[in-house]
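Chains as they are written, first to last, in the working numbering: chain A, 716 to 1037; chain B, 716 to 1037.
Just so you know, even glycine gets a beta-carbon here, dropped at the ideal spot from N, CA and C.
This one's a predicted model, so the numbers in the text were calculated from it and none came from an experiment.
Number of protein chains: 2
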Amino acid sequence: MRRSRRRVRAVRCLRDLGEFELIARIARAAGRPPPRSGVILGIGDDAALLRPRAGEDVAISADTYVENVHFRWRSDSPRSVGRRALVANLSDLAAMGARPLGFTLALAAPAALPVRRADALVAGMLHEARAHGCPLVGGNVTRARETHLAITAIGCVVRGRALRRGTARPGDRLLVTGTLGGAALERARAERAGGRVRHVATPRLSAGACLARIPAVSACIDISDGFDADLRQLLGEQLHAVVDERRLPQAAGFERACARLGLDARRLVRAGGEDYELLFTLRPSGPRTALLARRLGLRLTEVGRVVRGAPTGRTAGGWRHF
Amino acid sequence: MRRSRRRVRAVRCLRDLGEFELIARIARAAGRPPPRSGVILGIGDDAALLRPRAGEDVAISADTYVENVHFRWRSDSPRSVGRRALVANLSDLAAMGARPLGFTLALAAPAALPVRRADALVAGMLHEARAHGCPLVGGNVTRARETHLAITAIGCVVRGRALRRGTARPGDRLLVTGTLGGAALERARAERAGGRVRHVATPRLSAGACLARIPAVSACIDISDGFDADLRQLLGEQLHAVVDERRLPQAAGFERACARLGLDARRLVRAGGEDYELLFTLRPSGPRTALLARRLGLRLTEVGRVVRGAPTGRTAGGWRHF
């Protein structure tokens, strides 16, 4: 008994663990990729080997979650940090209409990071990885002053079918899945209550894959930075959208919850990030919204129409780095 | 005249530039991927799209270069930091026998990082990218307290031909390309002289691709952490190698240069990192060393032989994180 207690005390932070044991620990938690997953070689070599199907292109998306920028230990549970970091990447694959093949994790962390915290981060990531069939296939660990989770997600999409940005045309309909502002509201609510943020959005992978099979879908992006900011990214500099603000979808009770917290509901809907809904355009001749919603199995709202000309430059304040 | 001076002064650090302008700046520097490069869609969408050839697997390798861990502004030129960060990843592809398709960069940096420094970092990376046909295809930028370059390199290798670790057998010959200890000597020399490290090793991409076509090559790794440390990674826990230390290849004048600086030449050869030579095993019936050296177009030395049994545990001190 004494022996096991001593052992528990001895391994407390990453410094005690060492690089190779940390990697081995992550590899054990990840386990083997499921059979027929397309992973030929996973963690433990110079590179991982993945096998797309014949006629598929490879989609690659990289995103980083940084301590004190994207999350704070004070207000975020380590597990939800890990989950959200992977979801951000999976959502990028969803926005391309790609199916996930696997992901790499470059984990930079202070030597003093508690092992339990690192374990929870990784467990959160692996939870999402399993839920969405995107196994951890490799990466690296290094020490640093702050924790960074640099993730690269690799997916596959049938050639010529990937959903892009900047390919909408004037007259196209603008649609959005799910509801907006929920992630920002949850964050504000947790901050007010002094609690930890546990909310994690769902990457719209099957919706994205479904949209990629519909030729009338003309452009797509995921809402990571906020509706306004991502709309501009979707349409580029030559187009903008006339948006009926009243149609922007909110969850039931959203406005009341915002009012209770003294929050500007409109601002959260237009500029709240991390909702990870899909924002896409559809040729006017495309399927009716109600029909498409049934195919996607999601709430779907037509919120506006694409028109020619540069946007006015006003945004409701999406995320900007630097 | 006054006007242009004011403009030069106004943009000095990443904070002045902003996220989107930094991304646009990197994209401009990267330019378009060369035709027939396998890049279907590069920087600017939710994900990049790459196209392997029929019958190829995708090799993915992630590595991070962190300020004050892998480099210091004081002693490393920003350009060489960028070059070395990409070379570390390309070398992993080389060790798999893969040809590069493209890479993503997750750049985390302080808002106060001078734009000139960021430009030089990126220019160094793009220099290596062009030299080795591995275009920048995407990534992200974020602020952080320290600069991190998290790179994921994507390559291709003919199915079943990838060079792995842990696949050597007792009796196999152990070979190494080029010379060892040179990178560590250069670093020590620069530190003593108060100068900046400019030395950048060459990733052995064509040698790796050539080795992948030779069935007698049984296992391969690149020497990033040092000969001893990487040898253990190459062979795993069931095997070790009897190495003739006198045969470990050194550049001409290496011992003299070490002696002048009071450095332990043996230690640099066995534990100096960042040489990025290939360390591989060959079935006894494989080609003669001199013949193989000609095919690779590189100096090649047979340094030992693989034997059964766990290693003794003594290492000359390769890199360890945490």
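Roughly how many angstroms separate the alpha carbons of B/Gly-759 and B/Leu-963, rounded to a whole number?
-> 46 Å
Could you list which residues in chain B have their beta carbon closer than 8 Å to that of A/Val-852, in chain order?
-> Ile-775
How long is the line joining the alpha carbons of A/Val-915 and A/Glu-989, rounded to whole angstroms?
-> 8 Å
So what's B/Asp-761 in DSSP terms, helix, strand or just coil?
-> coil
Can you name the residues that DSSP bridges to B/Ser-776?
-> B/Ala-868
Contacting positions in the segment 784-808 of chain B - beta carbon closer than 7 Å to chain A = Val-784, Asp-807 and Leu-808
Endpoints, beta strand (DSSP E) assigned at B/Leu-954 | 954-958
Consult DSSP for A/Cys-935 and reduce its assignment to one of helix, strand or coil.
-> strand
Three-pair Cβ contact test at 8 Å for the segment 814-833 of chain A versus the segment 863-872 of chain A = yes
N- and C-terminal bounds of the alpha helix (DSSP H) containing B/Pro-793 | 793-811
Nearest to A/Arg-858 by alpha carbon, out of A/Ile-738, A/Ala-769 and A/Arg-747?
-> A/Ile-738
Would you mind working out which of B/Arg-860, B/Glu-970, B/Glu-906 and B/Gly-1019 sits nearest B/Ser-792, comparing C-alpha positions?
-> B/Glu-906
Return yes when the Cβ of B/Ala-823 is within less than 7 Å of the Cβ of A/Thr-779, no when it is not.
-> yes
Cα-Cα separation between A/Cys-925 and A/Leu-1007, rounded to whole angstroms | 10 Å
Could you work out which residues of chain B lie near A/Arg-860, taking near to mean beta carbons separated by less than 7 Å?
-> Arg-860 and Glu-861
Taking 7 Å as the CB-CB limit, is A/Leu-890 close to chain B?
-> no
Would you kindly work out how many angstroms separate the C-alpha atoms of B/Val-796 and B/Arg-787, rounded to a whole number?
-> 9 Å
Could you spell out the range, first to last residue, of the alpha helix (DSSP H) harbouring A/Gly-853?
-> Unbroken run through A/Gly-853 is the beta strand (DSSP E), 851-858; no alpha helix (DSSP H).
For A/Gly-951, which option in A/Arg-904, A/Cys-849 and A/Pro-1026 has the closest C-alpha, if you only look at C-alpha atoms?
-> A/Pro-1026
Where does A/Ile-755 fall in DSSP's three states?
-> strand
For B/Leu-828: DSSP bridge partner residues | Note: B/Leu-828 sits in no beta bridge, so no partner.
A/Gly-923 - containing alpha helix (DSSP H), residue span = 920-927
Compare the beta carbon distance of A/Cys-935 and A/Ala-810 with 7 Å and say whether it is the shorter of the two.
-> yes
Where the alpha helix (DSSP H) containing B/Glu-970 begins and where it ends = 969-975
Check the Cβ of B/Ala-823 against every Cβ in chain D and list those closer than 7 Å, keeping chain order.
-> This model lacks chain D altogether; the protein chains it does include are A and B.
Within-7 Å CB hit, A/Arg-902 to chain B = no
Mind checking whether A/Glu-960 and A/Gly-893 have CB atoms under 7 Å apart?
-> no
Within this structure, are the beta carbons of B/Pro-918 and B/Ser-752 separated by less than 7 Å?
-> no
Going by alpha carbons, who is nearest to A/Asp-937 out of A/Arg-730, A/Glu-734 and A/Asn-804?
-> A/Asn-804
Among residues of its own chain, excluding the 5 on either side of B/Gly-909, which ones have a beta-carbon nearer than 6 Å to its beta-carbon?
-> none
Candidates A/Leu-949, A/Arg-982, A/Ala-974 and A/Glu-734: which alpha carbon is nearest A/Ala-833's?
-> A/Glu-734
In terms of residue numbering, what span does the beta strand (DSSP E) encompassing A/Val-664 cover?
-> Lying before the first or after the last residue shown, residue 664 of chain A is absent from chain A, which here runs from 716 to 1037.
Please determine if the segment 879-887 of chain A and the segment 878-887 of chain B are in contact, where contact requires at least 3 C-beta pairs separated by less than 8 Å.
-> no
B/Thr-996 by DSSP, collapsed to three states: which one?
-> strand
Cα-Cα separation, A/Ala-898 to B/His-842 = 41 Å
Complete runs of the beta strand (DSSP E) confined to the segment 866-915 of chain B [at least 3 residues] | 888-892
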